Structure formats: structure tokens, C-alpha cells
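**Student:** Residue numbers for the sequence shown follow full-length UniProt numbering, beginning at 1 and rising by one.
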Amino acid sequence: MPALKKTLDAVIADFRIKHGDKYDYSRVEYKNSIEKIEIICLEHGPFFQAPSSHLSGSGCSICGRISMAKKLSKSLKNKKFVYAKVESIK
1 MPALKKTLDA VIADFRIKHG DKYDYSRVEY KNSIEKIEII CLEHGPFFQA PSSHLSGSGC
61 SICGRISMAK KLSKSLKNKK FVYAKVESIK
């Protein structure tokens with residue numbers, strides 16, 4: 001027996017459980033879990049992503065890069081670096 005296709009409302013409800021109100025789903029035209037849909041990041045604008053990826057936690061790539069940069073910056077903030085072996089270029 002084939003799997004039942006989710007309704008658009010059910011898919012959007014699942015997105016909201018995973019991502020909260022970070023995205024606008026007003027342009028979503030859901031066909032299946034692998035055909036890309038248009039999602040609007042409220043901060044950076046529209047992007048396309050497979051529903052299965054979005055449900056797995058993926059989101060706006062710009063937000064992702066910013067988040068990673070902040071995490072890296074925070075992890076390096078209190079590190080001390082030794083430059084004793086560094087030679088200057090003349």
C-alpha cells in the first residue's frame with residue numbers, strides 16, 4: 001500500500017515545530033518530500049530547499065554561515081596564541 005501524502009497544512013505544521021516562526025511558508029507548493037519548495041527566511045529572503053532537508057533541521061544558508069561564524073568566534077575568544085615561531089616577511 002502506498003504511503004499517504006501529507007497535506008500542505010500538516011507539512012507546514014511540522015516545519016513550525018522544527019523551526020518555530022523563523023520562516024514564512026506562504027509560497028510553499030508542496031508536491032512531495034524531495035521536490036524543492038520556496039521558503040522565505042524573515043531575515044535574508046527566499047531560498048529553495050527539499051522539504052525533507054528542512055524537516056531534518058536545515059534552513060537558510062546565510063543564517064547557518066552567520067551562526068557558525070559566531071560559534072567559531074566565541075570558541076576562539078579566550079584562546080591564547082603563541083607566535084614565537086612566526087617569522088615576519090620582509
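Beta carbons: idealized from backbone N, C-alpha and C, even for Gly.
As the structure is a prediction and not an experimental result, all values here were calculated from the model.
(1) Determine the extent of the beta strand (DSSP E) in which ILE89 is found, giving its start and end residues.
(2) Is the stretch 69-83 in contact with the stretch 32-52, if contact means three or more CB pairs nearer than 8 Å?
(3) With H, G and I counted as helix, E and B as strand and the rest as coil, what does DSSP make of ASP14?
(4) What three-state label does DSSP hand CYS63 in the structure shown?
(5) Helix, strand or coil for ASP24, going by three-state DSSP, please let me know.
(6) So does SER67 have its beta carbon nearer than 8 Å to some heavy atom of the ligand GDP?
**Tutor:** Walking through what the data contain:
(1) Here ILE89 belongs to no beta strand (DSSP E), and DSSP marks it neither H nor E.
(2) no
(3) helix
(4) helix
(5) strand
(6) Ligands in the displayed structure: none, and consequently the ligand GDP is not present.
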